[in-house]
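Peer 1: Take a look at this one; I'll ask things after.
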Amino acid sequence: MEPRPWRRGEQKTKVIRGTGILSIPLVDSPGNPLLDPKTKQPQFVGAPPKGWDADRVDNLVPGTLKGIRAEGPGGSIFGGEGPPGLDDSMPRPIQHSPNSILDVARSPELAMTPKADRRKIIHDMLALPVEGKGQFPVDTSAVSVPFGSAATQAIQRIEAWSSLRPPAVHLVVDPVMAEGEGDYSWRSRTISLSAWIPSTLAAASALVHEFGHHLEWTVLRKEVDSEFAARVFGKSRVPLTTLRKWKALAGNPKFESMLVYPDVSGVDPYAGRDYPNGQTELFSVGLEMMFQDPSRLAELDPALFLKVIDWLRGS
């Protein structure tokens, strides 16, 4: 696989902070509310509307279910009777449906919050209950700190969303590779990242992209290939979009032969890159965007947003 060129810059979203917008509680990965260090009260994105009950849990936002011990056969989880035997002192994580996560990601209220807050809210909603998590063994012994720390945290973030169990992958840093580039070798199951990356976030994003290739090649090949073919051909053998050179790379001799189906995804023309061996960039681009800015992925390609979740969960 040829390394992916690094693209600088990103669109900025204007941040509006104020009162009157729907507040969304901040939670950690298991779904427990984050408390303010000083007041010890739950933290929210935005200002809580009048009459907001901090203990209320909406099925479209991160949080935990709190049941009430039931005397009878059971009832509503939010009031009156709870399921028999449910201990209200033991909150349990919510596994949100893909559609409910998409609804929050595309909500006007979330669009008014800072990018980092939006990312955290969606990432926390993606986290699975402990019993559903997969294992992502990654050998980072050849990676220096803090690069290695950022890489490990990035993989752990994706691992928390997934029930997949891919084989181990090796991670190495290549001092010769051009700035920002990454590469995945399916033969040796090795991810190579450039030693010249502008930030740890950029390094983590590049790693997530290449790790997407590892997941696709080892456990998701059939599913991703089927989706890519549907986006290119539909139900016919005639391409729905034209294969052509990627204009964004014009003038770069290393990539001048790159061919893409530019209409495969609204996220990035690179998602439509054509490979002779049938490999795609669709899942890697979607996974990278889910890591960087999931709300933007939901806005530009909601179908891919849902597919990324389904693929990670093994659905």
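Numbering (the working numbering), first residue to last: 372 to 686. Ideal placement from N, C-alpha and C gives every residue a C-beta, glycine not left out.
Among P546, V656, S607, which residue has its Cα nearest to the Cα of L675?
Peer 2: Among P546, V656, S607, the Cα nearest to that of L675 belongs to V656.
Peer 1: Kindly identify the DSSP beta-bridge partner or partners of A513.
Peer 2: V543.
Peer 1: Does DSSP put P469 in a helix, a strand or coil?
Peer 2: Correct three-state label for P469: helix.
Peer 1: Can you tell me where the beta strand (DSSP E) with L614 in it begins and where it stops?
Peer 2: No beta strand (DSSP E) contains L614, which DSSP labels as neither H nor E.
Peer 1: At the level of alpha carbons, what is the spacing between S686 and S597?
Peer 2: Each residue's alpha carbon lies about 14 Å from the other.
Peer 1: Within its chain, find whatever has a CB closer than 8 Å to the CB of T561; leave out the 5 residues flanking it on each side and keep chain order.
Peer 2: Once the five neighbours on either side are set aside, the close Cβ partners of T561 are V540, H541, L542, V543, Y555.
Peer 1: Any chance the region 480-496 sits against the region 661-679, with 3 or more Cβ pairs inside 8 Å?
Peer 2: Flag = yes, the region 480-496 and the region 661-679 touch.
Peer 1: Report the residue from S468, I472, L406 whose alpha carbon sits nearest the alpha carbon of L668.
Peer 2: Closest option to L668, Cα to Cα, is I472.
Peer 1: Going by DSSP, what residues sit across from E632 in a beta bridge?
Peer 2: What sits at residue 632 in the sequence shown is Tyr, not Glu. DSSP output for Y632 lists no bridge partner at all.
Peer 1: Output the boundary residues of the alpha helix (DSSP H) element that contains S666.
Peer 2: Start and end: 665-671.
Peer 1: Tell me, please, which residues DSSP counts as bridged to I562.
Peer 2: I562 is bridged to L542, Y555.
Peer 1: Quick one: is L572 near chain C, going by C-beta distance under 9 Å?
Peer 2: No chain C appears in this structure, which consists of one protein chain only.
Peer 1: Rounded to whole angstroms, what's the CA-CA distance from A513 to V579? Just pull it up for me.
Peer 2: Approximately 17 Å between the Cα atoms of the pair.
Peer 1: Mind the definition here: the region 676-683 touches the region 641-651 only if three or more C-beta pairs lie below 8 Å; say whether that holds.
Peer 2: No: fewer than three Cβ pairs fall under 8 Å.
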